[in-house]
Ligand code: THG
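In full-length UniProt numbering, the protein residues as written are 1 to 637.
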């Protein structure tokens with residue numbers, strides 16, 4: 001992608017503009033200024049008073065003059081007047097059909113203003129920026145489809161008007177962020193106009209985003225989207241309160257960082273919120289962010305004025321930034337959106353290797369442990385789960401999930417595939433509840449692409465999809481991997497091909513190679529791939545399967561040695577199907593320990609039923625171990 005903005009971003013600190021809303025208020029407009037011609041109103045008679053987006057059509061010169069003031073103050077980047085340019089916000093004024101028109105007008109206004117002062121030596125850029133809207137999709141107040149559709153619409157208007165970048169800002173809900181990122185990607189596909197995509201979330205004074213999301217979960221989810229060029233924070237607090245977040249981003253983000261604080265925390269005076277941070281104070285904070293934390297883009301949010309931006313531009317504008325950690329991601333954008341080539345190079349720089357939920361980040365690599373994936377949230381694997389599902393007791397199902405989390409599961413494997421039920425509908429309802437009420441990330445256990453896509457549209461954060469294989473030759477795998485790439489998810493890949501489940505270590509490894517070729521072609525980083533070497537049960541006693549445990553253990557060992565970045569996973573309980581519960585518990589535990597010794601990084605287990613080696617009686621442990629290793633001390637009949 002050719003982009004003068006990215007060239008500039010790779011070299012020097014860029015200064016954003018400040019608040020738009022307060023400047024509009026200061027313009028002293030009245031109701032008539034917001035009025036639109038009847039032909040545009042589709043019969044709506046709602047007053048547009050206070051609808052700042054309408055001004056792009058009704059009073060473009062007012063908006064252009066505000067842009068000019070920020071440009072004159074020294075802003076490199078100006079944001080279009082489209083904070084509420086979504087069907088959801090505009091519906092409050094009865095003009096939800098005007099999203100694209102308003103976005104286009106706003107883009108053209110900002111374009112004119114920037115072009116008027118741009119010089120080859122000092123280009124100015126237009127950022128097409130849309131805010132979060134007024135509804136939280138994770139709370140069920142709107143739908144993925146509505147968000148993806150309306151942001152796609154608005155971004156199309158902005159792209160066609162010639163903006164230099166897209167920005168989704170003031171994000172409170174990670175699921176909303178994901179839907180709008182997908183909307184932005186679609187807008188770029190539909191118009192054929194590729195532009196850098198920036199994302200900014202809002203950290204409240206409480207230390208999390210509005211719904212309780214930690215910044216690490218947000219960053220982890222964002223880093224699953226190579227299309228997101230820069231990531232940062234804006235609004236809610238002043239710069240003083242943002243220090244720890246900026247530090248966190250500087251230590252953990254591979255993307256250039258943007259910081260747009262309010263002019264301090266609001267102070268209430270005579271029923272009005274006043275922002276009291278001075279221009280010099282804001283500039284002082286930004287100077288520290290730029291020098292100590294390598295922040296690449298700075299600016300202002302609520303309460304900031306052209307004077308604030310002048311002080312910031314005078315202090316840090318045009319400086320080379322120290323974002324050495326970020327060069328990789330800026331650079332990869334020049335490769336024409338062909339991310340797959342560099343995914344694993346990129347991944348090497350990644351700090352937050354893991355998955356996430358709406359609330360928290362979960363590292364794949366657990367201290368002194370393995371990534372524990374709870375198996376009990378499975379209609380086929382748990383009678384309790386199945387019964388609750390049959391009764392559609394969504395609260396009970398959620399409670400069961402929370403119990404597993406309480407027992408120490410790091411991730412929950414969720415499967416609603418059950419004969420006679422609608423798997424997709426069940427996943428939508430259950431995962432919407434788990435998204436809100438469970439802290440740990442979800443593993444989507446389904447083989448159906450439609451179910452997987454519905455699930456990916458329901459879960460905030462970065463989930464893991466379970467699973468793909470080559471049973472049908474690969475058509476389904478291609479579809480599911482495309483979904484992982486589109487929605488930013490990790491993947492479990494099973495060593496099964498056209499000939500069935502691979503039995504020997506050698507065959508498991510060969511299928512793993514083929515799986516990895518496919519995941520890499522889809523731009524997935526190796527650490528986001530969990531190869532499942534699978535095991536047949538040792539419980540049948542069949543001569544044919546006596547080596548099943550050994551082959552799996554050996555496959556894990558070889559795979560770890562060959563591709564150390566790739567994760568491995570196993571449904572451990574499969575080893576003991578057909579045996580009595582007490583025997584299963586011992587065999588599962590012994591087998592898990594053997595697999596962990598071989599390098600297994602993750603396991604689907606009923607964690608509270610796993611026994612530490614030391615809690616299994618030595619002679620019993622010996623029997624289990626002999627069975628796993630096919631050591632025949634006993635007479636075979
Ligand atoms: N690999 C991957 N995914 C998987 C599996 C795998 N998903 C499903 C399964 N295998 C892992 N999950 C389970 C869940 C439960 C059991 C086994 C594997 C199990 N349940 C008991 C039973 O059926 O007897 C308990 C029943 C109950 O509580 O009612 O054994 O291998 N990638």
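C-beta: ideal position from N, C-alpha, C; glycine also.
Under 8 Å by Cβ, that's how I've got residue i and residue j pegged, so tell me the actual separation to the nearest angstrom.
i: residue 177; j: residue 163; result: In fact, because the Cβ distance is near 19 Å, the residues do not count as touching under 8 Å.
i: residue 80; j: residue 128; result: 5 Å
i: residue 442; j: residue 463; result: 5 Å
i: residue 239; j: residue 286; result: 7 Å
i: residue 556; j: residue 500; result: Contact flag wrong, Cβ pair sits at about 20 Å.
i: residue 397; j: residue 385; result: 7 Å
i: residue 498; j: residue 471; result: 7 Å
i: residue 436; j: residue 358; result: 7 Å
i: residue 481; j: residue 522; result: 4 Å
i: residue 229; j: residue 196; result: 4 Å
i: residue 525; j: residue 344; result: 6 Å
Could you check whether the Cβ of residue i sits closer than 8 Å to any heavy atom belonging to ligand 2?
i: residue 370; result: By its list of ligands, the structure shown excludes ligand 2, since it contains just ligand 1.
List the endpoints of the continuous alpha helix (DSSP H) containing residue i.
i: residue 176; result: 174 to 191
i: residue 284; result: 279 to 293
i: residue 21; result: 21 to 26
i: residue 486; result: 475 to 487
i: residue 439; result: Per DSSP, residue 439 belongs to no alpha helix (DSSP H) and is neither H nor E.
i: residue 312; result: 306 to 316
i: residue 361; result: Taken as a continuous stretch (DSSP letters only), residue 361 belongs to no alpha helix (DSSP H), being part of the beta strand (DSSP E) at 361 to 363.
i: residue 396; result: 394 to 407
i: residue 65; result: 60 to 73
i: residue 453; result: 449 to 456
i: residue 79; result: No alpha helix (DSSP H) contains residue 79, which is instead part of the beta strand (DSSP E) from 77 to 79.
i: residue 389; result: 383 to 390
i: residue 32; result: 31 to 34
What residue range is occupied by the uninterrupted beta strand (DSSP E) comprising residue i?
i: residue 269; result: 267 to 269
i: residue 198; result: 197 to 201
i: residue 125; result: 125 to 130
i: residue 350; result: Looking at the DSSP string, residue 350 is not in any beta strand (DSSP E), and its letter there is neither H nor E.
i: residue 273; result: 272 to 274
i: residue 411; result: 411 to 414
i: residue 41; result: Residue 41 -> no beta strand (DSSP E), and no H or E assigned at all.
i: residue 568; result: 567 to 571
Consult DSSP for residue i and reduce its assignment to one of helix, strand or coil.
i: residue 233; result: strand
i: residue 378; result: strand
i: residue 51; result: coil
i: residue 577; result: coil
i: residue 618; result: helix
i: residue 209; result: coil
i: residue 562; result: helix
i: residue 161; result: coil
i: residue 464; result: strand
i: residue 13; result: coil
i: residue 419; result: coil
i: residue 494; result: strand
i: residue 432; result: helix
i: residue 608; result: helix
i: residue 445; result: strand
i: residue 543; result: helix
i: residue 216; result: helix
i: residue 627; result: helix
i: residue 339; result: Only weak support is given to the placement of residue 339: the predicted model assigns it a pLDDT of 42, under 50, and the question is left unresolved by the model.
i: residue 56; result: helix
i: residue 552; result: helix
Cα-Cα, which of the options is closest to residue i?
i: residue 592; options: 446, 559, 605 and 417; result: 605
i: residue 485; options: 70, 110 and 226; result: 226
i: residue 7; options: 57, 236 and 320; result: 320
i: residue 194; options: 458, 5, 600 and 460; result: 5
i: residue 56; options: 210, 158 and 43; result: 158
i: residue 42; options: 264, 96 and 32; result: 96
i: residue 132; options: 615, 151 and 274; result: 151
i: residue 175; options: 365, 65 and 434; result: 434
i: residue 355; options: 52, 209 and 223; result: 223
i: residue 280; options: 263, 269 and 268; result: 263
i: residue 531; options: 568, 585, 217 and 538; result: 568
i: residue 21; options: 33, 75, 211 and 82; result: 82
i: residue 179; options: 267, 461, 418 and 60; result: 461
i: residue 249; options: 271, 267, 277 and 215; result: 215
Please specify which runs of the beta strand (DSSP E), each continuous and at least 3 residues long, are wholly inside the region 502 to 535, giving them in chain order. 529 to 532
In chain order, what are the residue ranges of uninterrupted beta strand (DSSP E) at least 3 long that sit wholly in the region 90 to 151? 125 to 130
Run through the region 238 to 262 for me and flag every whole beta strand (DSSP E) of 3 or more residues, listed as ranges in chain order. 257 to 260
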